[in-house]
Amino acid sequence: METENDPSARTLSPEMFLAQVADAEPGWSVEHGGPGGVVALCAALQEQLMTQSEQIAAVRVAAIRELLKTRSGREVAAMFGVSPAAISKANNGPAWAGAAW
0 METENDPSAR TLSPEMFLAQ VADAEPGWSV EHGGPGGVVA LCAALQEQLM
50 TQSEQIAAVR VAAIRELLKT RSGREVAAMF GVSPAAISKA NNGPAWAGAA
100 W
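When the letters of the sequence shown are read in order and numbered with numbering that gives the first Met the number 0, they come out as residues 0 to 100.
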């Protein structure tokens with residue numbers, strides 16, 4: 000997502016942005032369009048993280064489904080220290096299409 004005030008939002012990773020914030024000195028936000036640009040950049044970075052999180056979750060679901068081919072839900076749950084209900088819930092989520100192991 001390209002922001003109106005900061006077209007670099009597509010190339011600045013959340014990690015890079017947080018490193019800039021950690022070392023921030025007065026005026027640091029100017030390169031991002033000031034506080035308004037920072038708000039827009041944060042929104043773009045959060046959208047990017049949300050998309051990545053959904054993709055990672057889909058890979059996790061596919062991996063759980065693969066494990067469930069040869070193990071019970073209880074066994075898979077014990078492997079990860081979660082309840083069988085958590086495995087069941089995850090198993091019902093959207094999965095990575097075309098998973099290859």
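Cβ coordinates follow ideal geometry from the N, Cα and C atoms, glycine included.
Would you kindly work out how many angstroms separate the C-alpha atoms of residue i and residue j, rounded to a whole number?
i: residue 83; j: residue 46; result: 31 Å
i: residue 58; j: residue 88; result: 15 Å
i: residue 31; j: residue 79; result: 42 Å
i: residue 22; j: residue 37; result: 15 Å
i: residue 27; j: residue 69; result: 54 Å
i: residue 154; j: residue 74; result: Here the chain covers residues 0 to 100 and nothing more, so residue 154 does not appear.
i: residue 0; j: residue 77; result: With a pLDDT of 42 at residue 0, under the threshold of 50, the modelled position of this residue cannot be trusted, and the question is left open.
i: residue 42; j: residue 24; result: 22 Å
i: residue 67; j: residue 51; result: 24 Å
i: residue 29; j: residue 53; result: 32 Å
Determine the contact status of residue i and residue j, defining contact as a CB-CB distance below 8 Å.
i: residue 72; j: residue 55; result: no
Is it the case that the CB of residue i approaches a heavy atom of the ligand ZN more closely than 7 Å?
i: residue 67; result: The ligand ZN is not among the ligands present in this structure, which contains no ligands whatsoever.
Skipping 5 residues on each side, what residues in its chain have a beta carbon closer than 6 Å to that of residue i?
i: residue 96; result: none
i: residue 100; result: 65
i: residue 98; result: 61
Could you tell me whether the stretch 84-98 touches the stretch 54-68, where touching means 3 or more Cβ pairs closer than 8 Å?
Contact holds: three or more Cβ-Cβ distances are below 8 Å.
Does the stretch 40-55 come close enough to the stretch 9-16 that 3 or more CB-CB pairs lie under 8 Å?
Enough Cβ pairs lie closer than 8 Å, so yes.
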